[in-house]
Each structure stands twice: as C-alpha cells, then as structure tokens.
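*Asks:* Chains as they are written, first to last, in this note's numbering: chain A, 1 to 282; chain B, 1 to 294; chain C, 1 to 434.
All C-beta atoms, glycine included, are put in the ideal place defined by N, C-alpha and C.
Sharing a structure with you now.
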Amino acid sequence: MRRSKTNYISRILVYSILILYAIITILPLYWIFITTFKTPAEAMSFPPTLIPRSFTFNNIIEIFSSSKVFGFRPFLNSTIIALGTALIIAVISFLAGYGFARYKFPGRDVLLISMLFINLLPTLAVIIPIFRLFSLYHLYDTYIGLILLFSFRTAPFTSWLMKGYIDTIPVELEESAMIDGCSSRQTMGKIIAPLAAPGLAAVAVLGFRAAWNAFFAPLILTTSESIRPYTIALYRFVGEQGEVEWRLIAAAAFISIVPVVVSFGIFQKYFVTGLTGGAIKS
Amino acid sequence: MKRKPLGGYLYITPLLIGVILFSVYPVIQVIWMSFHEISLADIRSETFIGFRNFKDIFAMEDPPFISVVWVTFAFVGGSVLFHVGAGLALALLLNLGWVKGKNFFRNLYMLPWITAGIMVGYTWSFLFEPRAGILNYLMSLVHLPSQSWTADPKLALPSIIIANIWRGVPYSLILETAGLQSINMELYDAAVVDGANPLQILTRITLPLVKEFILLNLILDTGLTFQVFDTIFAMTAGGPLHRTETFSIFMYYTAFKFGKIGMGSAISLLLLIFSLIIAVIYIKFFRPGKERYA
Amino acid sequence: MKKLLVIFFVLFLTAGGFVFSGGQKEAAAEQITLTGLVRNYTVKQDPPWYSAVKTFKIKHPNVEIKLEGLPYNDQRLKVLIAVGAGKGPDIVQVDCIWLGEFASNNIIINISDMLNADPNLKNDYIDVFRKSAQWQGKDYGLWLYTDVRMLSWHKDLFKKAGLDPNAAPKTWAELRATAKKVNWPDQGIYGYAFPAFSTDHTADRWYPFLYMGGGSILSKDYTKAEFNSPAGTAALQLLVNLMDVDKVSPKDLLGIQEKDVSNGFKADKYSMMIKVGEFWKDYRKKGLTMKQYKEKIGVAPLPIPEGGKPATGSGGWIAGITRDSKYPKLAFEFLKTVVATRNMADFVIANGNIPTRKSMLKLENEYLASIPYFNVAKEVLPTTHFRPPIPEYMQISAQIVDAIQKALTEEMTPKASLDKAAVKVNEILAKRKW
C-alpha cells in the first residue's frame, strides 16, 4: 500500500469538505438542541443566541406533563406501534427471506421482482382504499391497524434484504446440521437465525424507524388521543396552540430523535452491512 | 441438498397475505375507485362516472395539473440530484484510506435521515422564519437582504427542496458506501502500481464499479421522494399559490379536505403510474437477473 | 407445517392482544349511554358539557354521557368516518361551515319537529343564527356559541407614533393612513396584519370588507358566485393597497398561518390586526387583568369604505344529532340542557365567545364585566354575516383564497382574479346535487 503521496492541500480540502458538511448537518439539529434547553425568554429573543445563556429542563418537563402540552401518551403510542412493527417485520422478513433464499419454487423469481415493484409503490397512493378498508372493518384508529400497515408496507423491501443476507450464509452449515438429523425448520431456527442476527437487527431498526417517524398514515388513520403517535400529537399541538412556542417544539423534536439515535447507535455496526451488504453483493 | 420446493411457499405466506391485503388489493381498489364518484361524507356509496375524475384533474386550473406535475418533478429532481451527488461525494471522501474519524463522520451524517419528516419540516420552518429565523439573521450579518423564504412564491419551492436535500443525503451515503466497500481493494492497488492518478482511479475503476449502486440509489430515492408529504405539509402546506403543491399534498386536499374520495383515488392512480414507470426503468437498468439473485 | 401456521396465528393474536381499541363500549342492561364527539377545549372545563351532564343526570339518572374532545380537523374527519361506518356517536359538534355537508349527507338529522315543539327555545335564537343552522329550510342543529371579526390594535404602538391610543381608524382611508404611521419595517413592526396563507382564514377575514360595500359571497339561493362584484373588487383592492402599495402589511403574510400572524401581533410585530377577539384568553392566561388588557389592546368595529355600511363575519359551533343515534329524543333533551341560558352563558364567559340567543344577551352585564371587548362585539353582532353553509363551501373558499393570493402577489388584478374565481365557483356550484 503506497498511499502517502497525497499532499497536504488535498488533505486539507477533503477535511474541510467533511467538516463543512458536518456543520450543515449539525446546525439545524444544534438549533433544536440548544432551544430545547433555553428558557422561554431566551428562546423568544432576537437576534437568536447561538451559544445559550440559560439552561433549563422545564421544556422537556412541560412536554411530558399532559396538562400543559401533550404528555407521555403519544410517545407511549409511538413506542407500541414502532416496537410492534419492528417485531412483525423481523419475523415476516426472516421467514420470507429464508423461503426465498433456500427454496427454489415455481414463480419465485417473479415474486422477488414483484416485491421490488411493490416496494416502489407509494403508501400515499394506496392510502385512500386503506382508509376505506380500515373505516369499514374497525381497523381505523387502532394500534393493530397501523402496525399491520407499516409492517406490510415495509416488509417487501426488508424481506428482499433478508433474502440477500441469508444468501451470504453458507448452505453447507445447514447441510451438515441436517446430516446430524436436524429438520429444515430446526436448522432455520438454530443455525440461520443466529447467523442472520445482524440482518434481522437492521430490518427491525428499519421497521422501527418507519413506524416511529410516520406522519401521513396516522394523520389519516387515527384521531383518538389514546392511539395517535407523537408526530400527530405535535402537529396538533402546533396547530391548536394560540402561540407557537419553538422551545416546546424543539423539546418534542429532541425527545423524539433520542430513541432512534439510540437504536441506531446500538445496532450501528450491523446496520450498514445488514442494510446493504445483503441487498447487493458483488 | 434436498428440500421440498413447495416448502418455500409456506415461509413466504405471511408476506404474501400482507402484500395482498395492504398493497395488491388497495391498488385494485384505487383503480376501481378512480372511476367512481365517492364522497367522504358518504363513503359507502359510489357512482360510476367513467373518466370524469381524470378529465376534471387535467382541466383543473387552481392549481393547474401541469403545475402539480412541475412542482413534483422539480422537487423530486432537485432533491434526488443533490442526494445522490452529495451522498456519492461524501462516500468517496470517507472511503479514502487516510481519512481519520470515518465512523464519527458517517454516524453524524446519519442524523437527518433518522429524524422524522415532520420534525425536519418544523426545524427548517424555524430556520427559514422570516423575522425571527436564524437564516435571515445570518444573512443580515453578511449584509444580504432578508427573504421571506417559504412565504415567497419564488423561494418556497427551493426552500422545501433544501430541507428535503438535508434530510435525504444520508440515505444515499449508506448505499454508496456499501457500493464502494464492495470493490475489491486489490484493484486499487493494482492501479496504483500501474501508475494511475487518483482521478483516473475514480473515473476508470471506482465509478464504473459503483454504477449499479448509483442507479439503484437514484431509483429508490426517486420513489421515496415522490412520497414526501410531512416536510412539505409542515413548511408550506402546498402554498403560497400552490407553488409547493406536489402530488402528495394535492391528493390529500382533494380527498380529505374537499371530501372527493373518488378524485383523490384518480390522483393516486396517476401517482401509481409514475411510480410504475420508475419501477420499469429500475428493472430495465438494474436487471436483477437470475445469475445475480439466484 | 401446521406448527408453523399455528405460530403465525399466535404471533398475530399476541400482536392483536396489545391493542386496546378506541371503540365504544356497550351500555349495561338498564343503562342508556349517549356519546358525543365535541371540540377538545370544551371538555377541558366544566361548562358547557360537563355542567350540563350534572344537571341532566338529576332528571335521567339512568343515562350515562360520554364525551370525546377532538382538535379541529379531526372533528370533521372522525365524525364522517364514524357515521360512515355506522358507528357514529349520538351528539356531534359541527362547525357552521360544515352544516351543508353534514346535513345533505344525512350525517346529522333534521331536528325541526323537536325544535318546533319547543317554541320558547325556537324563538329565542337570533334570526340570522337560526337560519344558519338550517339546511333547505329545516333545522339541523342548535347553535352553541359564536364570535365576530373586529379590529384589534396595540395602544403602545399608537402612542409611539404620536396617535390617540383610543381612536381607531373608522374608514378604509383612515386605516391606510393610520397603518402608515404605525409602520416601522426596519424594526420589524408592520402597520396592519391579516391572514393570507392558503387556508379559509384568508377568505374569512376578507368577507367583512366585501359585505361592507353591499357585496356577498354567493347569491341568496347559493347557486351563483357574487363575490366578484364591484364591492368585492374594492375589498380586494384594499388588501392589495395595504400590502403592495402602502407596504404596511408584509408580503410574508402569504406564508404565515393565521395563528402565527396572531402570535406576531402578540409579540408586538403588527400594530393592528383583524381578529375574532380571543386574544383576551391568551393574555388572561398570562395573568393580565381585564383592566390591564384594555390599557394594552384596543378593539373596535372594522373600518368601512366611503359610503359603505358596517359589517362583519361570524363563525361558530352548532350541536347536532347523528343518524346513528338510537335515542335522538333523549339526545335532543340533553342538548337543550347544554344550551340552557345559564349553562351556555357560563361557557361564553369562561371562553370569551359571543352568545347567539336573545335570552342570553340579556345577561349583558355579566359579559361586560368579564369579556373586555363585549361592548364592541355586541355593537357589531347585528351586522354580522355567515359563510354559505353548503357542502361545496370548502372548495369555494379555496378558489377565493387563490384569487386573493393572486391579487396580493400582483400576478393578476383584483378584478381579473375574482372574475376567474367566480367562473370556477359557478362550475363547482353547477355540479351540486341539491
């Protein structure tokens, strides 16, 4: 490896681009972050202060106290919906991925390509029939309705990812287990599932993210405070308030970003491999 | 290895049931509903009206259909171009052997993508806010005239595109990183031995090898950007003067504000057709053939 | 294979087990339950609903009343969906502009017979209000409360400009002249604010100026557009003059939601504003007394054009009974308890709204003592107008908002943009089913 020829100027250039883009990325989030911990007076002041002079947890406390903003419930709702989605997606994608990877059945390739088509089909375009379906069959304004919708709208893509991931696991491992007397289902559970864990984690995080951040579907498919996720609660809060309090919006945004950051943080090392390593291997 | 081939069906059954219920059936319904008049206030009854919904959409003046198409394509085009361009550029830089703190940068760059679209919308409307927003404040520091951004018919569309670019770059970055990492390092080493300069390595080796990833990225991202609703809804809600009214906003208003469920379905069907065209392009160029995916 | 299938089912069922659905529970054997979908802020206090429940229970101890409070947009959608699925509540709160949509689709039922059986109540409604709760001559609901559009201004900013802080502009010419004096764009303070975003507020706050010149939105039978009359052109020209000629209303109003315009006013960014009057509630929440409020904010009737007549517009809420109600008579009985003079007056006072019945207006002294702008509201109430309560109203409003925005951005002249919108509105009305 002889890569030391790179001169100073290009190093400086590359680092400045990376740092510049890091600033572009972080500036809006930095703004959310500092506003979350500003006092009302400082949050309202103009010109805005880039380095906060005050520090308070009151905004976060206000978000969670239901008498003032919207309380804990919308976050609980989002958590239930997102975890439910992550679980169902992981199970369905694993089973389908395994079926697609290890069995050659008539119509398999057609089905695989159909999954790609279906992945490109916007949820937005099918929301009206789903809305009608939900309102006629009592799935409207329920957790299960949203969980099933998110799961099955994301599953074609994640199944495809899982298939690619399971493809990378040598068949020989299963074969030797089978010779030892394991059934095909036993090998799936005992051999493949542990090996596919990074892929499963990536798929579950994808499902979690899709459900946690969803806005359009719950906007149309929920109304009750006991069901609606925090994205809708925040939208309603902004719309209903006599005055827009950016410090509270910022605090809600800050709270909402934390769980996804944490789950991405935990699964980060699996994530890129799980998400793409299986999908397209060269 | 011997497996009963039909066993495969069993494993994919849950997926298929879900896909039929939540994708196939709704698509059939959308097609059927778009030829009917259905009102939100009377959702159980429908009247067949042939192509009238489509005629009404094409004849619409506020907003003109062509404006919705233009706004959608400008939004998608602008976003995707920058997503893929910046994503690829950053992925290339982060793939350089000597760059330190790769993981730090990659994780940092991911943040916008894991933020909810509605939050991105609020965050950017906060930055763009004409009189208390930080953007105009920063511009005033360098003596540039302040702008009304999302309230200005000319600047509203660029404003929402900027917010969406910010959000979507990380997605391309992941895909392109995966693409670059799939390249065998020995190829580079061989090229260096042969005396190729970095530019030659980029254009002769790297880009041709990640071409498929770029294409995949373009198509997946186009599909995703077509659907963006929350960011636009939070920032401009389609205004001013429909200058930011994309298909998604247009459909929402038609179906759920004006209560025309049938016409909303017709708009959805048009959106479906656009998506289908993209999917066909995708399949055509990307060719997930047997040899690669079997 | 069977085992695998069983696993799927168990999985689905456990996922389903998490779900506690939002549906209504069946009433116990002897017990009757009435359900209601109402606005969220009305269930955060005792009157009008919970106080009425207490009174009602004395006479009907076997009746349980369950209320769910919803935000504005959800209110309409959830009522339409619940009734569409045959699961509607008994009672719903209806924005007066939804009346036609709800009535013509039989979402809410005709209550004429029940109302006619109670002449005291029937005749107690101020005529314009009773009419605006009617669809094709039949009563579909009982008015709850209303509001009127008025001019609000910052007395401090008037003083700063050397103006009499208690003298409001009375004519359009005075409005323009005053707005120029209280306009300091370099300090971020503008003379006059009105909503111009893409929502009905924009049209709604323009209508009063249209009415003043004798104009109206639609013909009396709601079948033709009339807003493109000379009165309409003049009213729109006024907004264009304020924004584009005098530059006392900033152009960015086009991108700011109505509530944010109000926030701007409260943050002293606009000297004057057209408003329904609920600033008071926000200031009261911040601990301002009525006296302090009156020293800070002035409220007056809207300025009128030369030779015009005073006019304003109203919105507000109506209570209706859905077609799914098994006990419409009982529901009506309950609604009568809700709109009872004392009960509704308590709500109006708590919320700063305006009453809709003659007997309620007799409690004038109470309102005057607790609503700082009530004297002005009372003065303008007889000149108020309503938006047409027809199913097509939201579509018509969208056309009018477009016309206003096109004129404000100077893409078209007020006349041309209104004429164009009128053609569109006539097309919409030609397709009506009633």
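Quick check: the Cα distance between C:Gly-23 and A:His-138, rounded to an integer number of angstroms?
*Replies:* Locating residue 23 of chain C in the third sequence gives position 23, counting from the first residue. Locating residue 138 of chain A in the first sequence gives position 138, counting from the first residue. Confidence in C:Gly-23 is poor, its pLDDT being 36 and thus under 50, which makes the residue's placement too unreliable to answer from.
*Asks:* Looking at the structure shown, is C:Glu-392 part of a helix, part of a strand, or coil, going by DSSP?
*Replies:* Residue numbering aside, residue 392 of chain C sits at position 392 when the third sequence is read from its first letter. DSSP places C:Glu-392 in coil when its eight states are reduced to three.
*Asks:* Measuring CA to CA, which of B:Ile-165, B:Phe-285, B:Thr-231 is closest to B:Ile-214?
*Replies:* Here residue 214 of chain B is taken as the residue at index 214 of the second sequence, counted from 1. The shortest C-alpha separation from B:Ile-214 is found at B:Phe-285.
*Asks:* Could you check if B:Glu-291 is buried or exposed, using at least 16 other CB atoms within 10 Å of its CB as the buried criterion?
*Replies:* For the purposes of this step, residue 291 of chain B is taken as the residue at position 291 of the second sequence. Unreliable placement is indicated for B:Glu-291, whose pLDDT of 38 sits below 50; no coordinate value is reported for it.
*Asks:* In the DSSP assignment, what residue or residues form a beta bridge with C:Ala-193?
*Replies:* Residue numbering aside, residue 193 of chain C sits at position 193 when the third sequence is read from its first letter. According to DSSP, which records beta bridges pairwise, C:Ala-193 is partnered with C:Met-273.
*Asks:* How big is the Cα-Cα spacing for C:Ser-21 and A:Gly-145?
*Replies:* Locating residue 21 of chain C in the third sequence gives position 21, counting from the first residue. Locating residue 145 of chain A in the first sequence gives position 145, counting from the first residue. The predicted position of C:Ser-21 is uncertain, since its pLDDT is 34 and thus under 50; a value taken from the coordinates is nonetheless stated next. Taking the straight line from one Cα to the other gives about 10 Å.
*Asks:* So, with DSSP's three-state summary, where would you put C:Gly-36?
*Replies:* Taking the first residue of the third sequence as position 1, residue 36 of chain C is located at position 36. Correct three-state label for C:Gly-36: strand.
*Asks:* Counting only beta-carbon atoms, is C:Ser-21 nearer than 9 Å to chain A?
*Replies:* Residue numbering aside, residue 21 of chain C sits at position 21 when the third sequence is read from its first letter. For C:Ser-21, the pLDDT reaches just 34, beneath the cut-off of 50, and the residue's location in the model is therefore unreliable, although a value from the coordinates is still provided. So, interface residue.
*Asks:* Have a look at B:Tyr-122 and A:Phe-215 and give me their C-alpha separation to the nearest angstrom.
*Replies:* Position 122 of the second sequence, counted from the first residue, corresponds to residue 122 of chain B. Position 215 of the first sequence, counted from the first residue, corresponds to residue 215 of chain A. Cα to Cα, the separation comes out at about 13 Å.
*Asks:* Can you check whether the C-beta of A:Pro-122 is within less than 9 Å of a C-beta belonging to chain B?
*Replies:* Taking the first residue of the first sequence as position 1, residue 122 of chain A is located at position 122. Chain B, which has a Cβ nearer than 9 Å to the Cβ of A:Pro-122, makes this yes.
*Asks:* Per the contact definition of three or more C-beta pairs closer than 8 Å, is the region 245-253 of chain A in contact with the region 20-34 of chain B?
*Replies:* Touching, no, given that fewer than three Cβ pairs across the two stretches are closer than 8 Å.
*Asks:* From which residue to which residue does the beta strand (DSSP E) around C:Gln-93 run?
*Replies:* Here residue 93 of chain C corresponds to residue number 93 of the third sequence, with the count starting at 1. Here the beta strand (DSSP E) through C:Gln-93 covers 91-95.
*Asks:* Rounding to the nearest angstrom, what Cα-Cα distance links C:Lys-424 and B:Phe-233 in this structure?
*Replies:* Walking along the third sequence from the start, residue 424 of chain C turns up at place 424. Walking along the second sequence from the start, residue 233 of chain B turns up at place 233. So the two alpha carbons sit approximately 25 Å from each other.
*Asks:* Got a sec: is the Cβ-Cβ distance from A:Ser-135 to anything in chain C below 9 Å?
*Replies:* On the first sequence, position 135 is the one that residue 135 of chain A refers to. It does: the Cβ of A:Ser-135 has a partner Cβ on chain C nearer than 9 Å.
*Asks:* By the 9 Å beta-carbon criterion, what residues does the region 233-261 of chain C contribute toward chain A?
*Replies:* Cβ contacts with chain A come from Gln-257, Lys-259, Asp-260.
*Asks:* Starting from the beta carbon of A:Leu-95, find every residue of chain B whose beta carbon is closer than 9 Å, and list them in chain order.
*Replies:* Sequence index remark: in the first sequence, residue 95 of chain A carries index 95 (1-based). Within 9 Å Cβ-Cβ: Leu-10, Tyr-11, Ile-12, Thr-13, Pro-14, Leu-15.
*Asks:* A:Gly-207 versus chain C: which residues are under 7 Å apart at the beta carbon?
*Replies:* The residue given as residue 207 of chain A occupies position 207 in the first sequence. Result: empty, since nearest Cβ-Cβ is about 13 Å, beyond 7 Å.
*Asks:* Any beta-carbon of chain C closer than 9 Å to the one on B:Leu-144?
*Replies:* If you number the second sequence from 1, residue 144 of chain B lands on position 144. No, because no Cβ of chain C sits closer than 9 Å to the Cβ of B:Leu-144.
*Asks:* Does chain A have any CB closer than 9 Å to the CB of B:Gly-7?
*Replies:* Position 7 of the second sequence holds residue 7 of chain B. It does; some Cβ of chain A falls within 9 Å.
*Asks:* Given that B:Leu-272 touches chain E, what residues does it touch there, using C-beta distances under 7 Å?
*Replies:* The structure shown has no chain E; the protein chains it does contain are A, B and C.
*Asks:* Closest to B:Leu-81 by C-alpha separation, out of B:Ala-59, B:Ser-172, B:Pro-153, B:Lys-257, would be which residue?
*Replies:* For the purposes of this step, residue 81 of chain B is identified with residue 81 of the second sequence, where counting begins at 1. The shortest Cα separation from B:Leu-81 among B:Ala-59, B:Ser-172, B:Pro-153, B:Lys-257 belongs to B:Ser-172.
*Asks:* In chain B, what lies closer than 8 Å to A:Val-261 by C-beta?
*Replies:* Your numbering for residue 261 of chain A matches position 261 in the first sequence. Chain B residues near A:Val-261: Leu-111, Ile-114.
*Asks:* Output the distance between the C-alpha atoms of B:Leu-16 and C:Lys-44, rounded to the nearest integer angstrom.
*Replies:* Residue mapping note: residue 16 of chain B aligns to position 16 of the second sequence, counting from 1. Residue mapping note: residue 44 of chain C aligns to position 44 of the third sequence, counting from 1. C-alpha separation (whole angstroms): 46 Å.
*Asks:* In three-state terms, what does DSSP make of B:His-36?
*Replies:* On the second sequence, residue 36 of chain B is found 36 positions in, with the first residue counted as 1. Looking at B:His-36 - three-state DSSP - the assignment turns out to be strand.
*Asks:* In the DSSP output, what is B:Asp-15 paired with across the bridge?
*Replies:* Numbered from its first residue, the second sequence carries residue 15 of chain B at position 15. The sequence as given places Leu at residue 15 of chain B; Asp does not occur at that position. BP columns for B:Leu-15 are empty, so no partner.
*Asks:* Would you call the region 87-100 of chain C and the region 319-337 of chain C in contact, with 3 or more CB pairs under 8 Å?
*Replies:* The region 87-100 of chain C, when compared against the region 319-337 of chain C, does touch it at the 8 Å Cβ threshold.
*Asks:* Between the C-alpha atoms of C:Gly-287 and C:Glu-295, what's the straight-line distance to the nearest angstrom?
*Replies:* Residue mapping note: residue 287 of chain C aligns to position 287 of the third sequence, counting from 1. Residue mapping note: residue 295 of chain C aligns to position 295 of the third sequence, counting from 1. The alpha-carbon atoms of C:Gly-287 and C:Glu-295 are separated by roughly 14 Å.
*Asks:* Using CA atoms only, rank isn't needed, just tell me which of C:Asp-147, C:Pro-250, C:Asn-166, C:Leu-115 is closest to C:Lys-180.
*Replies:* For the purposes of this step, residue 180 of chain C is taken as residue 180 along the third sequence, with counting starting at 1. The shortest C-alpha separation from C:Lys-180 is found at C:Pro-250.
*Asks:* Applying a beta-carbon distance threshold of less than 8 Å, which residues of chain B neighbour C:Gln-399?
*Replies:* One-based indexing of the third sequence puts residue 399 of chain C at position 399. Result: Asp-62.
*Asks:* Roughly how many angstroms lie between the CA atoms of B:Leu-218 and C:Ala-319, to the nearest whole one?
*Replies:* Position 218 of the second sequence, counting from 1, holds the residue named residue 218 of chain B. Position 319 of the third sequence, counting from 1, holds the residue named residue 319 of chain C. Taking the straight line joining both Cα atoms gives about 52 Å.
*Asks:* Would C:Ser-148 and C:Ile-354 be called neighbours here (beta carbons separated by less than 9 Å)?
*Replies:* Position 148 of the third sequence holds residue 148 of chain C. Position 354 of the third sequence holds residue 354 of chain C. Rather than Ser, the amino acid found at residue 148 of chain C in this sequence is Val. Cβ distance < 9 Å, so C:Val-148 and C:Ile-354 count as in contact.
*Asks:* What separation, rounded to the nearest whole angstrom, lies between the Cα atoms of B:Phe-126 and C:Thr-199?
*Replies:* Position 126 of the second sequence, counting from 1, holds the residue named residue 126 of chain B. Position 199 of the third sequence, counting from 1, holds the residue named residue 199 of chain C. Spanning the two alpha carbons is a distance of roughly 20 Å.
*Asks:* Residues of chain C with CB under 8 Å from A:Gly-265, in chain order?
*Replies:* Numbered from its first residue, the first sequence carries residue 265 of chain A at position 265. Correct list: empty, because the minimum Cβ distance to chain C is about 26 Å.
*Asks:* Can you tell which of C:Asp-346, C:Gln-136, C:Pro-208, C:Phe-197 has its C-alpha closest to the C-alpha of C:Lys-433?
*Replies:* One-based indexing of the third sequence puts residue 433 of chain C at position 433. When only C-alpha atoms are compared, the closest one is C:Gln-136.
*Asks:* Hey, out of C:Leu-335, C:Tyr-367, C:Leu-115, C:Lys-281, whose CA is closest to C:Thr-55's CA?
*Replies:* In the third sequence, counting from the first residue as 1, residue 55 of chain C sits at position 55. Checked all of C:Leu-335, C:Tyr-367, C:Leu-115, C:Lys-281; the closest Cα to C:Thr-55 is C:Leu-335.
*Asks:* To the nearest whole angstrom, what separates the beta carbons of B:Ala-86 and B:Val-169, a pair I think is in contact under 8 Å?
*Replies:* Within the second sequence, numbered from 1, the residue matching residue 86 of chain B stands at position 86. Within the second sequence, numbered from 1, the residue matching residue 169 of chain B stands at position 169. Right, their Cβ atoms sit about 5 Å apart.
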